[in-house]
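Working notes, structure below.
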Amino acid sequence: MLHYITTGESHGKYLAAILEGIPSGLKVDLDFIHSQLARRQQGYGRGGRQKIESDRVEILGGVLKGFSTGAPVGFLLQNKDFKIDEMPELFRPRPGHADLAGSLKYHQGIRAVLERASARETAMRVAVGALCQSFLEEFGIEIAGHVVQIGKARVEAKKKEGLSVKKIRQMTEGSQVQCICRQAESGMIREIDEARRNKDSLGGQYEIRVSGVPVGLGSYVHYEKKLDGRLALALMGQQSVKAVEIGLGTALAGLPGSESHDEIFYEPARLYFRKTNRAGGIEGGMTNGEEIIARATMKPISTLARPLASVNMKTKEAEKADFERSDVCAVPAGSVIGETLAAFVVADAFLEKFGGDSLPEIKRNYEGYLRQLGEA
Ligand code: EPS
Numbered sequence: 028m029l030h031y032i033t034t035g036e037s038h039g040k041y042l043a044a045i046l047e048g049i050p051s052g053l054k055v056d057l058d059f060i061h062s063q064l065a066r067r068q069q070g071y072g073r074g075g076r077q078k079i080e081s082d083r084v085e086i087l088g089g090v091l092k093g094f095s096t097g098a099p100v101g102f103l104l105q106n107k108d109f110k111i112d113e114m115p116e117l118f119r120p121r122p123g124h125a126d127l128a129g130s131l132k133y134h135q136g137i138r139a140v141l142e143r144a145s146a147r148e149t150a151m152r153v154a155v156g157a158l159c160q161s162f163l164e165e166f167g168i169e170i171a172g173h174v175v176q177i178g179k180a181r182v183e184a185k186k187k188e189g190l191s192v193k194k195i196r197q198m199t200e201g202s203q204v205q206c207i208c209r210q211a212e213s214g215m216i217r218e219i220d221e222a223r224r225n226k227d228s229l230g231g232q233y234e235i236r237v238s239g240v241p242v243g244l245g246s247y248v249h250y251e252k253k254l255d256g257r258l259a260l261a262l263m264g265q266q267s268v269k270a271v272e273i274g275l276g277t278a279l280a281g282l283p284g285s286e287s288h289d290e291i292f293y294e295p296a297r298l299y300f301r302k303t304n305r306a307g308g309i310e311g312g313m314t315n316g317e318e319i320i321a322r323a324t325m326k327p328i329s330t331l332a333r334p335l336a337s338v339n340m341k342t343k344e345a346e347k348a349d350f351e352r353s354d355v356c357a358v359p360a361g362s363v364i365g366e367t368l369a370a371f372v373v374a375d376a377f378l379e380k381f382g383g384d385s386l387p388e389i390k391r392n393y394e395g396y397l398r399q400l401g402e403a
């Protein structure tokens, strides 16, 4: 239902995106989009680039007097660090980066590859996803992302218990690493400082929560419709993400069935509900009415100030990989990006189920479904 495409290079003149499928009548809240873009730029461990950029988008189309028209919505962002034609060519691919395979595959120099493989492109995904977040909020669906691990520093599981999405948003506000726990945050900052001192880089893990989701988004009838698969694709499609899990995720490998599932209860006022959420809100590829919980693990950034072994692609001699300005850790930015990626996926599934051309039409469809659930 929803579809977007981005274009642009890290040091090119512009980044742009076109989002198709947003219904008419949605207030396009540029302040909110800009606040999400600003959050993406923050985070301890970022490099010099974020001091140069202050990401803001211009709307190219699909919006009239501040409201969507139902036509594709276009976004344009101008890079301040626009110098792509002066950037040096690289010959020593960085292990872990797209450099080597991309250069061989596209029969191009490494520069052409890294400029597009760069996570700079996520600025556009955040703009697109922020608009999807505004759409979801019309239906009481809210999203929060937070960092649960950087290097060896991890938020204790009990600190996350019982927190609402709103509370997570409040608790991460002002955190330099998008973390809910100040003690874990100190550990994460220490880890990043140490990595920087060692000319190394760090990865970590973030968690995304989506609340207010109705039962029945996504479907079991075909693999492409499964919401967990769609979330995994979106999150894994983010640069550096190497693993995605839903609910208890990989911990399920070591647990018996009796500790893996969420028993079902019913009360007339609440309808069906669970007392646990081990499934992360998704059963059979569909939302079950509980919060969606997904985690993504990001590998350490592959640009190292103390580079790893590589091969000079011109001479084929063994040499150290190239180094150029980069971040030491981008997991805090990752969690903001993850929020907006999840927003896109959930908005897509929501439109699939309740889709119409205008917001009032979708609201009618949604209310009809809620009535049907109450009668079931
Ligand atoms: C990136 C390298 C760095 C990061 C960049 C992603 O950029 P530069 O090479 O200009 O220093 O800062 O991320 C962003 C610019 C951004 O806005 O997120 C890379 O190689 O992926």
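Position 204 (the sequence shown) corresponds to 231 in the working numbering; numbering is contiguous.
Glycine included, C-beta positions come from ideal geometry on N, C-alpha and C.
Remember, it's a predicted structure, so these values are computed and weren't measured experimentally.
>> Report the CB separation of G365 from Q266 in whole angstroms; it is logged as a contact under 8 angstroms.
In response: By one-based count along the sequence shown, residue 365 stands at place 338. By one-based count along the sequence shown, residue 266 stands at place 239. Actually they do not touch by this definition, with Cβ atoms about 12 angstroms apart.
> Which first and last residues belong to the beta strand (DSSP E) in which T324 is found?
Replying inline: Numbered from its first residue, the sequence shown carries residue 324 at position 297. First-last of the beta strand (DSSP E) with T324: 319-325.
> L42 bridges to which residues according to DSSP?
Replying inline: Start at 1 with the first residue of the sequence shown, and residue 42 comes out as number 15. According to DSSP, L42 bridges with G35, L104.
> How would you call G275, buried or exposed, if buried means at least 16 neighbouring beta carbons within 10 angstroms?
Replying inline: The residue labelled residue 275 in the question sits at position 248 within the sequence shown. A small fix is needed here, since residue 275 is Leu in this sequence, not Gly. Classification for L275: buried.
> Between S130, E286, A321, E272, which lies nearest to G172 when the distance is taken from Cα to Cα?
Replying inline: Residue mapping note: residue 172 aligns to position 145 of the sequence shown, counting from 1. Taking only the C-alpha atoms, the option nearest G172 is A321.
> Does DSSP classify I389 as helix, strand or coil?
Replying inline: On the sequence shown, position 362 is the one that residue 389 refers to. Residue state, collapsed to three classes: helix.
> Does any heavy atom of the ligand EPS sit closer than 7 angstroms to the C-beta of R224?
Replying inline: The residue labelled residue 224 in the question sits at position 197 within the sequence shown. Outside the cutoff, so no.
> Is Q68 helix, strand or coil when you go by DSSP?
Replying inline: Within the sequence shown, the letter at position 41 stands for residue 68. In this structure, Q68 counts as helix in the three-state DSSP scheme.
> Who does I273 pair with in a DSSP beta bridge?
Replying inline: On the sequence shown, position 246 is the one that residue 273 refers to. Paired residue(s): A321.
>> In whole angstroms, give me the CA-to-CA distance for P387 and V240.
In response: As a working mapping, residue 387 is identified with position 360 in the sequence shown. As a working mapping, residue 240 is identified with position 213 in the sequence shown. For P387 and V240, the distance between alpha carbons rounds to 19 angstroms.
> For S81, is the beta carbon positioned less than 7 angstroms from some heavy atom of the ligand EPS?
Replying inline: As a working mapping, residue 81 is identified with position 54 in the sequence shown. No, Cβ of S81 sits at least 7 angstroms from all heavy atoms of the ligand EPS.
> Closest to V140 by CA distance: which of E148, A146, T149, S130 is it?
Replying inline: As a position in the sequence shown, residue 140 is number 113, starting the count at 1. When each option's Cα is compared against that of V140, the closest is S130.
> Would P327 be called buried (16 or more neighbouring beta carbons within 10 Å of its own) or exposed?
Replying inline: Here residue 327 corresponds to residue number 300 of the sequence shown, with the count starting at 1. When all chains shown are included, P327 counts as buried.
>> Give me, in chain order, the residues of the same chain whose beta-carbon lies closer than 6 angstroms to that of Y340; leave out the 5 immediate sequence neighbours on both sides.
In response: Walking along the sequence shown from the start, residue 340 turns up at place 313. Before going on, a small fix: residue 340 reads as Met here, not Tyr. Closer than 6 angstroms at Cβ, skipping near neighbours: F118.
> Rounded to the nearest angstrom, how far is the Cβ of E142 from that of H38, given a contact under 8 angstroms?
Replying inline: Working through the sequence shown from its first residue, we reach residue 142 at position 115. Working through the sequence shown from its first residue, we reach residue 38 at position 11. About 6 angstroms; that satisfies the 8 angstroms criterion.
>> For Q197 and G156, I'd like the C-alpha separation in whole angstroms.
In response: If you number the sequence shown from 1, residue 197 lands on position 170. If you number the sequence shown from 1, residue 156 lands on position 129. Roughly 20 angstroms separates the two Cα atoms.
> Between the C-alpha atoms of L397 and G88, what's the straight-line distance to the nearest angstrom?
Replying inline: Within the sequence shown, residue 397 is the residue found at index 370, counting from 1. Within the sequence shown, residue 88 is the residue found at index 61, counting from 1. Straight across, the Cα-Cα distance linking L397 with G88 is about 33 angstroms.
> On the premise that M313 lies in contact with G245, defined as a C-beta separation below 8 angstroms, what is that separation, rounded to the nearest angstrom?
Replying inline: The residue labelled residue 245 in the question sits at position 218 within the sequence shown. The residue labelled residue 313 in the question sits at position 286 within the sequence shown. The Cβ separation is near 5 angstroms, so the contact holds.
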